[in-house]
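Below: the structure, in structure tokens.
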Amino acid sequence: MRRKLLSVLVLFGMLLSAVAAAASPEQIERGRYLARAGNCAGCHTAPGGADFAGGRAVHSPFGTFYAPNITADPDTGIGRWSVEQFRQALQRGRRPDGSALYPACPYPNFTRVHAADIDAIYAYLRSLPAVRQSNPPHDLATLASLRPLMRVWQWLYFSPGEFRPDPAKSERWNRGAYLVEGLGHCSACHAERNLLGAEDRESSRGGLVQGWYAPSLYTPAEAGLQGWPLERAAALLRHGKAGDASTMGPMADVVFNSLQYLDEADILAMAEYLRSLPERPAAAPGRRIRLSPQQREAALALGSKVYGEHCRDCHGEAAQGSEVAPRLAGNRVLTMDDRTNLVQIIRQGGYPPSTQGDPRPFGMPPFHALSERELDAVILYLREQPGNP
Amino acid sequence: MKRFAAAIRMRCALLLTVAGTATAWAAPPTDSIDQRVLPCLSCHGERRVDLQEGYVPYLYGKPAGYLYNQLINYREARRRHRTMEYMVGHLSDEYLWEIARYFAERDLPYPAPAGEPVSEAQRARGRQLVREGDPARDIPACQSCHGERLTGVQPNTPSLLGLPRIYLMAQLGAWRVGTRRAAAPDCMHVIAERLSPQDVQAVAAWLAAQPVPADHAPAAEPVAEPPLECGSVALPRP
């Protein structure tokens with residue numbers, strides 16, 4: 034009798050878990066979309082590697098993280114994780130064994146994501162082929178390698194909690210805030226971080242990522258969209274290009290792999306929210322080398338020569354831009370204090386992303402061979418052009 | 237005969253294209269692929285290829301399918317090169333196919349090969365590997381896939397001529413260690429593993445010393461059944 038009861042119970046339990054595990058095609062499709070919005074593949078799919086099998090190296094001041102395998106493989110992936118454990122990871126930064134995730138995974142943003150959306154991503158990941166792939170262990174500085182310290186980090190810097198809509202704001206604004214602050218994890222790159230790697234949400238500076246500067250979204254002097262027409266802000270996010278503004282480097286990857294796939298309504302919502310971010314004054318300029326009048330004159334002459342030889346054909350006599358190259362006079366990449374991206378763009382060149390709105394983008398040639406002196410001189414020359422503040 | 241005339245006509249058309257490209261170099265028409273590939277030309281343009289010291293390969297006239305596969309391989313990091321991975325990292329299949337065709341459809345004269353001192357034994361070994369292979373070690377002859385004239389075979393096999401010696405050595409080394417890969421099955425990885433370092437040096441030196449024939453268009457078909465199966469990615473739908 035007891036045996037019978039037990040087997041009935043077991044059967045019932047199996048049935049329950051089957052019901053819980055069975056994901057509808059709609060939920061899986063929704064999960065696929067949300068995984069795009071969160072650009073999970075940006076870290077968890079190595080270039081040319083199997084989808085979500087991890088292995089991509091993410092460099093940080095604390096060492097190199099290797100993104101884990103999040104396919105359903107039971108041994109090397111998250112195949113043994115329940116949906117509840119998956120929620121705990123994204124919303125609380127907890128692994129199934131109770132230890133803390135490194136904030137290299139942007140759970141301080143993902144904590145805002147609604148449980149239903151996390152469940153959909155879980156269902157989507159489970160619907161994909163499980164890939165057996167072990168990735169290298171993180172290669173971290175001594176202190177950072179002590180995972181228990183992450184609990185202290187969380188206590189100091191992590192405030193969990195799902196997104197709560199602001200009833201005073203429009204539905205669209207709230208949707209944008211939810212995407213930007215949550216899954217989109219824009220602040221993971223665009224916010225300055227303190228010495229312990231926590232975002233400084235009050236700063237007017239952006240962050241450094243892969244050798245590029247992710248400019249602040251809070252100041253129109255950097256990447257702030259305050260004052261932009263909604264359609265133009267949306268075009269920059271969706272097409273990677275809007276007039277003289279284009280995305281390059283890591284942001285071009287974000288547009289190419291994530292933003293270009295989002296619904297128009299979601300892009301408009303993100304644009305609306307970003308436009309509404311409170312404006313902060315531009316950060317105080319960093320230290321600049323003082324030049325004597327003679328040095329200045331010599332540098333400007335050299336800069337003008339370099340410009341004439343390499344830049345003028347496309348960017349125009351007065352840096353006014355052309356059909357094939359953006360206007361440089363007044364361009365934020367030039368006028369903002371941090372010159373990291375300017376140096377990257379001149380040295381590495383590159384293309385904005387191919388997107389529906391700009392399928393065959395014009396590109397910038399790399400100028401590997403310019404000397405440091407020529408590079409400094411042309412930057413000085415461009416910054417002194419009329420049209421720059 | 238008819239075929240021959242057609243070939244001549246095509247050469248003339250190509251020459252005209254070449255002349256057009258050369259004069260238009262400074263300012264290509266705005267909304268054109270010529271304008272769009274300017275970033276590529278800063279390294280791969282005609283004036284930049286140096287067979288003596290250089291490392292950068294010449295792309296003109298190579299089969300479009302081959303060039304497309306390389307662009308995709310860079311984008312998917314099967315083939316590693318910091319600048320190339322960065323340049324093509326977020327370009328679509330369709331755009332990369334257009335860029336591949338740009339280089340495939342143009343032809344520019346190749347510079348004369350660099351004369352580098354090699355020993356007689358090395359020269360003989362190089363020639364042997366290219367022409368006959370080494371059946372004892374299961375190494376097929378280069379020409380069995382790359383064409384009798386070594387100018388490549390449509391649609392996916394590149395020319396081996398007009399390339400700098402160190403570039404050729406670096407590619408064979410990269411195939412061996414896995415920093416240059418192709419869509420599976422990666423036949424060149426298999427072959428590179430069978431070559432000794434001396435073989436790599438010999439074959440690269442011999443190839444780099446060959447002049448590029450005036451007619452260096454890739455062959456339409458391989459001379460015989462290829463000895464190994466080689467993978468490639470599907471072309472984007474038109």
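For the protein sequence lines, the chains are D and L, in the order given.
The first sequence lines up with residues 34 to 422 when you count with the working numbering.
The second sequence lines up with residues 237 to 474 when you count with the working numbering.
Heads up, the beta-carbon is just placed ideally off N, CA and C, and yes, glycines get one too.
These numbers come from a predicted model, not from an experiment.
| Item | Value |
| --- | --- |
| Go through its chain and collect everything with a Cβ distance to Leu49/D's Cβ below 6 Å, but skip five positions before and after it. | Low confidence applies to Leu49/D: its pLDDT is 45, below 50, so where it sits in the model is not reliable, and the reading given next is rough at best. Cβ neighbours of Leu49/D beyond the five flanking positions: none. |
| Distance cutoff 7 Å, beta carbons only. Does Ser468/L sit that close to anything in chain D? | no |
| Which whole-angstrom value describes the C-beta separation of Ile378/D and Met281/D, a residue pair presumed to lie in contact below a C-beta threshold of 8 Å? | 6 Å |
| Take Ala260/L and list the residues in its own chain whose beta-carbon comes closer than 6 Å to its own, dropping the five residues that flank it on each side. | Confidence at Ala260/L is low in this model, with a pLDDT of 36, below 50, so the placement of that residue should be treated as unreliable; the coordinate-derived value is given next. Contacts found: none. |
| Output yes or no for whether 7 Å exceeds the beta carbon distance between Gln390/L and Ala348/L. | no |
| Could you work out which residues of chain L lie near Gln381/D, taking near to mean beta carbons separated by less than 8 Å? | Thr319 and Tyr322 |
| How should Arg197/D be labelled, buried or exposed, when 16 other C-beta atoms within 10 angstroms of its C-beta is the threshold for buried? | exposed |
| Can you find a CB in chain L that lies within less than 7 Å of the CB of Arg345/D? | no |
| Should Ala428/L and Leu443/L be called a contact, given that it needs their Cβ atoms to be closer than 7 Å? | no |
| Mind the definition here: the region 283-302 of chain D touches the region 347-357 of chain D only if three or more C-beta pairs lie below 8 Å; say whether that holds. | no |
| Starting from Met397/D, find everything on chain L with Cβ-Cβ shorter than 8 Å and list it in chain order. | Pro275 |
| Pairs of beta-carbons, one from the region 51-71 of chain D and one from the region 152-163 of chain D, closer than 8 Å: are there three or more? | yes |
| Less than 7 Å between CB atoms is the rule here; does Phe289/D satisfy it with respect to chain B? | Here chain B cannot be found, since the structure's protein chains are D and L. |
| Are the C-beta of Arg313/D and some C-beta of chain L separated by less than 7 Å? | no |
| Taking 8 Å as the threshold, find out whether the region 89-102 of chain D comes into contact with the region 161-179 of chain D through three or more Cβ pairs. | yes |
| Shorter than 6 Å, the distance from the beta carbon of Pro474/L to the closest heavy atom of the ligand ZN, or not? | Looking for the ligand ZN in the displayed structure turns up nothing, as the structure carries no ligands at all. |
| Return yes when the Cβ of Arg393/D is within less than 7 Å of the Cβ of Arg272/L, no when it is not. | yes |
| Cα-Cα, which of Gly230/D, Pro248/D and His77/D is closest to Arg238/D? | Pro248/D |
| Beta carbons nearer than 9 Å to chain L: which residues of the region 346-380 of chain D have them? | Asp346, Cys347, Ser355, Glu356 and Val357 |
| Could you tell me whether any Cβ in chain L is nearer than 7 Å to the Cβ of Tyr384/D? | yes |
| If you drop the 5 nearest sequence neighbours on each side, which residues of the same chain put their C-beta closer than 6 Å to that of Ile154/D? | Gly64, Leu67 and Ala68 |
| Please report whether the beta-carbon of Pro193/D lies at a distance below 7 Å from any beta-carbon of chain L. | no |
| Please tell me whether His326/L has its Cβ less than 7 Å away from any Cβ of chain D. | yes |
| What residues in the region 74-96 of chain D have a beta carbon less than 7 Å from any beta carbon of chain L? | Pro80 and Gly81 |
| Specify, as a first and last residue, the run of the beta strand (DSSP E) that Ala460/L falls within. | Per DSSP, Ala460/L belongs to no beta strand (DSSP E) and is neither H nor E. |
| Taking the alpha-carbon positions, what's the Phe119/D to Ile151/D distance? | 8 Å |
| Can you give the beta carbon distance from Leu307/D to Val213/D, rounded, assuming they're within the 8 Å contact cut? | 6 Å |
| Compute the Euclidean distance between the alpha carbons of Tyr384/D and Phe395/D, then round it to the nearest angstrom. | 7 Å |
| Just verifying my parser: in three-state terms, what is the DSSP assignment at Trp114/D? | coil |
| Here's the rule: buried if 16 or more other CB atoms are within 10 angstroms of the residue's CB, otherwise exposed. What is Ile402/L? | exposed |
| Using a Cβ-Cβ cut-off of less than 7 Å, list which residues of the region 389-419 of chain D approach chain L; keep chain order. | Pro392, Arg393, Phe395, Gly396, Met397, Pro398 and Pro399 |
| Alpha carbon to alpha carbon, what distance is there between Glu321/L and Ala74/D? | 17 Å |
| Cα separation between Pro253/D and Pro458/L? | 60 Å |
| Taking 7 Å as the CB-CB limit, is Arg385/L close to chain D? | no |
| Look up Gly96/D in the DSSP assignment and say whether it is helix, strand or coil. | strand |
| So, for Arg337/L: in the same chain, excluding its five sequence neighbours on each side, which residues have a beta-carbon less than 6 Å away from its beta-carbon? | Ala300 |
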